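*Asks:*
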Amino acid sequence: MPLHLYDTYRREIRAFAPLEEGAVRMYACGPTVYDYAHIGNLRTYLFEDVLRRALEFCGYEVRHVINITDVGHLVSDADEGEDKMERGARREGESAAKIAGRYTRAFKADFSALNMLAPHVWCRATEHIAEQIADIAEIEKRGYAYRTSDGIYFDTSRQENYGYLARLNRAGIAPGARVALGEKRNATDFALWKFSPPGEKRQMEWESPWGTGFPGWHIECSAMAVKYLGKKFDIHCGGKDHIPVHHANEIAQSEARHGTTLANFWMHGYFLETAAAKMSKSDGAFLRLESLTDRGYAPADFRYLCLSAHYRSDLKFTWESLDAAAAALGRLRGFAEKWQGEAAPDAASEAAFSAAIFADLNTPQALAAVWDMSKRDLPDAVKKASLLRFDSVLGLGLGESAAEIPKKALELAARREKARADGDWEKADRIRGEILRKWGCEIEDTPDGAKLRVIRR
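Position 414 (the sequence shown) corresponds to 899 in my numbering; numbering is contiguous.
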């Protein structure tokens, strides 16, 4: 059965077919590395990881590119305010380059901890300034750019279909609604190149045909995507907040520069929300992956939680929902360790799983197919093969060998045995909960004594 994916540009689910037979070129907007990634950011990358795994499950050879934004992303998407990297550097009293390196390393560590497949190319905006300048010069040459006192801007009035990705009503966007007009010709116009303020030396600035300054946020993705994937490639991904500004502007630049919409499919992951609102760095109260592991959860628990909701629906995060995800994943790990032998996957179960994944990455339905398979009257070896086959898409690491029991968990288990021997059942239960919460180990009381098993890593 063919893979079907939702294309934001067309606003429809349609059959996927690569532009080049057997090969898929895929670009994902990466982090702006002025701070740690929060788990809402990471949910988007998990969706993209499942997409890549699904493509490879279909037999395609995927070339995957992710950018690192280390310059040019202003605190306002409307080209106003300070560069996020400069603000981060001032906040921490270090150079922009140093904090970019720190938060890039932290992001990649989270990426790896969540068992996401590394892209074939990580590309940094600061290492592709020449490509961005060349694109801006060509856009200007073709009459799509103009100069103001603070930079070079893209003239969106030159394109009748500007903002089509977001179905923007340009006539309804008055100055002040999204952006102060200033010297811009149109409220939707955006910066291609920003000048360094007169008399001010920025940490990150370069010489250009227009003067000393730095690139706008949007031009970096267009320039790097084309360099590594071509003038039109298969899939461009990001968060749904990229639709009305960043991705709309990427398309505008690409149409002016290359005459293409850049990607054949535009795909967007939805938000992770707390009880109050979507998770954001702006209020400084966001949860990191480390926030979860500090409380005894494994990264895979969060991955399972994200799989439990469709990528095109907002997901409410609660500790209770994470507990449920951890318990479910623990059961699957138990199956993977219990079922032994070698065999081919069950065809009927794989058909049900594939049908879910091929229906626009319906991971909740795919998980339902996994649980249905676990209850069927099948040989253990067939169940094991099916589970590992499905996990090539789910990415939960179910094929990993059993983890070693942590020494501190064993010490706590010995204390629990003493409490049981003393008849202090309340203390024994409390220790059991602590072993599970802190060390991810489940205790099974057997005639031969307590047995510990790692169910969370």
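In this text, a Cβ means the ideal position worked out from N, Cα and C, and glycines have one as well.
Note that the coordinates shown come from a computational prediction; the quantities given were computed from them, not determined experimentally.
1) Starting from E497 and walking both ways along the alpha helix (DSSP H), at which residues does that stretch end?
2) For E456, which three-state DSSP category applies?
3) Give the range of the alpha helix (DSSP H) segment to which T931 is assigned.
4) Along the alpha helix (DSSP H) that carries E735, what are the first and last residues, could you check?
5) Counting along the chain, where does the alpha helix (DSSP H) carrying K860 start and finish?
6) With which residues is D492 paired in a DSSP beta bridge?
7) Quick check on DSSP: helix, strand or coil for G525?
8) In angstroms, rounded to a whole number, what distance separates the CA positions of E827 and D865?
9) Assess, as a yes-or-no matter, whether the segment 729-737 is touched by the segment 645-654 under the definition of 3 or more beta carbon pairs within less than 8 angstroms.
10) Looking at E705 and N600, is the spacing between their C-beta atoms short of 8 angstroms?
11) Output needed for C722: all residues of its chain with C-beta closer than 6 angstroms, excluding positions within five of it in sequence on either side, in chain order.
12) What number of angstroms, rounded off, separates the C-alpha of S776 from the C-alpha of R797?
13) State buried or exposed for E625, treating a residue as buried only when at least 16 other CB atoms are found within 10 Å of its CB.
14) By DSSP, does K923 sit in helix, in strand, or in coil?
15) Going by Cα to Cα distance, which pick from A935, A760, K716 is closest to N749?
16) Measuring straight from C-alpha to C-alpha, what distance separates A811 and R499?
17) Using 10 angstroms around the beta-carbon of P487, count the other beta-carbons present and answer buried if the total reaches 16, otherwise exposed.
18) Using the DSSP secondary-structure output, state which residues sit across from D568 in a beta bridge.
19) Contact between the segment 805-819 and the segment 777-794 is defined here as three or more beta-carbon pairs at a separation below 8 angstroms; is this criterion met?
20) For the alpha helix (DSSP H) containing T746, list its first residue and its last residue.
21) If distances are taken between C-alpha atoms only, which option among H613, E546, R742 comes closest to D640?
22) Determine the contact status of S834 and A851, defining contact as a CB-CB distance below 8 angstroms.
23) At which residue ranges does the segment 615-694 contain complete beta strand (DSSP E) runs of 3 or more residues, listed in the order of the chain?
24) Starting from R609, follow its DSSP beta bridges and name the residues at the other end.
25) So D977 is in the beta strand (DSSP E); what residue range does that whole segment cover?
26) Rounded C-beta distance between A904 and I916? I'm assuming under 8 angstroms.
27) From S839 to A581, what distance separates their C-alpha atoms?
28) Find the nearest neighbour of P932 within the set K923, E911, E902, D909, judged by alpha-carbon distance.
29) Taking just the CA atoms, how far does P683 sit from I720?
30) Within the same chain, show all residues whose beta-carbon is closer than 7 angstroms to that of D595, passing over the 5 residues directly before and after it, in chain order.
*Replies:* The structure says:
1) On the sequence shown, position 12 is the one that residue 497 refers to. Taken as a continuous stretch (DSSP letters only), E497 belongs to no alpha helix (DSSP H), being part of the beta strand (DSSP E) at 497-500.
2) No statement about residue 456 is possible, as the shown extent of the chain runs from 486 to 942 and does not include it.
3) For the purposes of this step, residue 931 is taken as the residue at position 446 of the sequence shown. That residue, T931, is in no alpha helix (DSSP H); its beta strand (DSSP E) goes 926-931.
4) By one-based count along the sequence shown, residue 735 stands at place 250. Element bounds for E735: 733-743.
5) The sequence position of residue 860 within the sequence shown is 375, counting from 1. Its alpha helix (DSSP H) spans residues 848-860.
6) Indexing the sequence shown from 1 puts residue 492 at position 7. According to DSSP, D492 bridges with E497.
7) If you number the sequence shown from 1, residue 525 lands on position 40. Helix.
8) One-based indexing of the sequence shown puts residue 827 at position 342. One-based indexing of the sequence shown puts residue 865 at position 380. Distance between the alpha carbons of E827 and D865: 9 angstroms.
9) yes
10) Translated into the one-based positions of the sequence shown, residue 600 becomes position 115. Translated into the one-based positions of the sequence shown, residue 705 becomes position 220. Cβ distance not < 8 angstroms, so N600 and E705 don't count as in contact.
11) Counting from one through the sequence shown, the residue named residue 722 turns up at place 237. The residues are A513, E533, M752.
12) The residue labelled residue 776 in the question sits at position 291 within the sequence shown. The residue labelled residue 797 in the question sits at position 312 within the sequence shown. Those two C-alpha atoms are separated by around 25 angstroms.
13) Your numbering for residue 625 matches position 140 in the sequence shown. Buried is the call here.
14) Translated into positions along the sequence shown, residue 923 becomes position 438. Residue state, collapsed to three classes: helix.
15) Sequence index remark: in the sequence shown, residue 749 carries index 264 (1-based). Ranking the options by Cα distance to N749, first place goes to K716.
16) Taking the first residue of the sequence shown as position 1, residue 811 is located at position 326. Taking the first residue of the sequence shown as position 1, residue 499 is located at position 14. Distance between the alpha carbons of A811 and R499 is about 34 angstroms.
17) As a position in the sequence shown, residue 487 is number 2, starting the count at 1. Taking all protein chains in view, the Cβ of P487 is surrounded by fewer than 16 other Cβ atoms within 10 Å, so the residue is classified as exposed.
18) Counting from 1 along the sequence shown, the entry for residue 568 is found at position 83. L559, per the DSSP bridge assignment.
19) yes
20) On the sequence shown, position 261 is the one that residue 746 refers to. It is not in any alpha helix (DSSP H) - T746 carries neither H nor E in the DSSP assignment.
21) Locating residue 640 in the sequence shown gives position 155, where the first residue counts as 1. If we check each option's Cα against that of D640, R742 comes out closest.
22) Against the sequence shown, residue 834 aligns to sequence position 349. Against the sequence shown, residue 851 aligns to sequence position 366. No, Cβ-Cβ distance for S834 and A851 is not below 8 angstroms.
23) Qualifying beta strand (DSSP E) stretches, in chain order: 630-633, 636-639, 675-680.
24) Numbered from 1 along the sequence shown, position 124 holds the residue referred to as residue 609. According to DSSP, R609 bridges with I553.
25) In this structure the chain extends from 486 to 942, so residue 977 is not present and cannot be described.
26) Indexing the sequence shown from 1 puts residue 904 at position 419. Indexing the sequence shown from 1 puts residue 916 at position 431. Going by Cβ atoms, the distance from A904 to I916 rounds to 7 angstroms, so yes, they are a contact pair.
27) Counting from one through the sequence shown, the residue named residue 839 turns up at place 354. Counting from one through the sequence shown, the residue named residue 581 turns up at place 96. S839 and A581: Cα-Cα distance of roughly 45 angstroms.
28) On the sequence shown, residue 932 is found 447 positions in, with the first residue counted as 1. Taking only the C-alpha atoms, the option nearest P932 is E902.
29) Taking the first residue of the sequence shown as position 1, residue 720 is located at position 235. Taking the first residue of the sequence shown as position 1, residue 683 is located at position 198. Straight-line Cα distance between these residues: approximately 40 angstroms.
30) If you number the sequence shown from 1, residue 595 lands on position 110. A522, L527, L774.
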